[in-house]
Amino acid sequence: MEGIVVEIIEKYLEAELAKQQRKYLRLKYDEDAKYYFQNGYSEDAALHADTIISFWTIYRTVLEKETGWNAYKTPKSLDSLLRQIRSKRRNDFTSNIIQINEKLEDFAKVIYTKGNYMLLPNGKRAMNNERYERFEDRIDMTVYHSFSGGKLSQYFETDEILCEWIVREKLDILFTDGDIKKEKFIWLLNNEKRITDMNLSEIYSYIDSAMSFIKNRSANI
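Mapping of the sequence shown onto my numbering: residues 426 to 646, in sequence order.
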């Protein structure tokens, strides 16, 4: 049995092939948009969906730092990774990648669940790309920098509107006792590093915090 990590890579490959053939539709290939659409949201609302914590960024960074294997979201690279995982001629790459897959299996199990999906503010779908470019989808940095004066504050006219969005999306679990104030903010990792700038110890600490966040949020939805 290959596990959830391999299933996720296969889905990435399917989506990238669809993009290559110009047959890519978010409502068909993106798990977040599919979730909302299948749960009765309009097409427009579902297209505001975003996966809160990115699996791919974390996975490819761990792969590179632990094994030296460089993976990219392209059909060729993803296919090569899958062939390496399934290779019957075992080498260090295959063994090490399989070990990483096993270590990240529990994380992979919660990634594409309702606790890791959110809806971006209405009409603000561009926030998706910007929060990735700035913070590589770190949700703690996303929320913290959405307050007035922050790097994402332009997506919220006032902090009051931001607070309404935080409550709506059950992100108030990032604040002590749900008290939405910057001084009550709870970081998933006690620094503001992008995933690719973290060392392995920091990445695994972040993964543990991310899993707790997703599970707790799922229980509140």
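Glycine residues also receive a C-beta, built at the ideal position from the N, C-alpha and C atoms.
Local conformation of residue i per DSSP, three classes
{"i": "Tyr-466", "result": "coil"}
{"i": "Tyr-647", "result": "Here the chain has residues from 426 to 646 only, and residue 647 is not among them."}
{"i": "Trp-481", "result": "helix"}
{"i": "Ala-496", "result": "coil"}
{"i": "Ile-646", "result": "coil"}
{"i": "Glu-439", "result": "helix"}
{"i": "Gln-445", "result": "helix"}
{"i": "Lys-513", "result": "coil"}
{"i": "Asn-624", "result": "coil"}
{"i": "Arg-451", "result": "helix"}
{"i": "Arg-488", "result": "Contrary to the premise, residue 488 reads as Leu rather than Arg in this sequence. Helix at Leu-488."}
{"i": "Lys-501", "result": "helix"}
{"i": "Leu-529", "result": "coil"}
{"i": "Glu-427", "result": "coil"}
{"i": "Arg-508", "result": "helix"}
Opposing strand residues paired with residue i [DSSP bridges]
{"i": "Asp-475", "result": "Met-543"}
Reference residue i, options the options, closest by Cα
{"i": "Asp-475", "options": "Met-566, Lys-539, Leu-599, Ile-628", "result": "Lys-539"}
{"i": "Gln-509", "options": "Lys-448, Pro-500, Tyr-497, Ile-522", "result": "Ile-522"}
{"i": "Met-543", "options": "Glu-435, Arg-593, Asp-633, Glu-530", "result": "Arg-593"}
{"i": "Asp-622", "options": "Thr-482, Gln-463, Leu-529", "result": "Thr-482"}
{"i": "Met-566", "options": "Asn-624, Lys-448, Phe-600", "result": "Phe-600"}
{"i": "Gln-524", "options": "Asp-604, Glu-491, Gly-548", "result": "Glu-491"}
{"i": "Val-430", "options": "Tyr-466, Glu-468, Arg-485", "result": "Arg-485"}
{"i": "Asp-455", "options": "Asn-541, Asn-495, Lys-501, Tyr-497", "result": "Asn-541"}
{"i": "Asp-604", "options": "Arg-563, Phe-462, Cys-588", "result": "Cys-588"}
{"i": "Ile-477", "options": "Tyr-580, Asn-553, Gly-574, Glu-439", "result": "Asn-553"}
Cβ-based burial, residue i [other Cβ within 10 Å; buried from 16]
{"i": "Ser-479", "result": "buried"}
{"i": "Asn-526", "result": "buried"}
{"i": "Ile-646", "result": "exposed"}
{"i": "Leu-488", "result": "buried"}
{"i": "Ala-644", "result": "exposed"}
{"i": "Glu-432", "result": "exposed"}
{"i": "Ala-496", "result": "buried"}
{"i": "Ser-626", "result": "exposed"}
{"i": "Arg-511", "result": "exposed"}
Please go through the region 553-622 and give each complete alpha helix (DSSP H) segment of 4 or more residues, from N-terminal end onward. Residue ranges of uninterrupted alpha helix (DSSP H) with 4 or more members, entirely inside the region 553-622 and ordered along the chain, are 564-569, 584-593.
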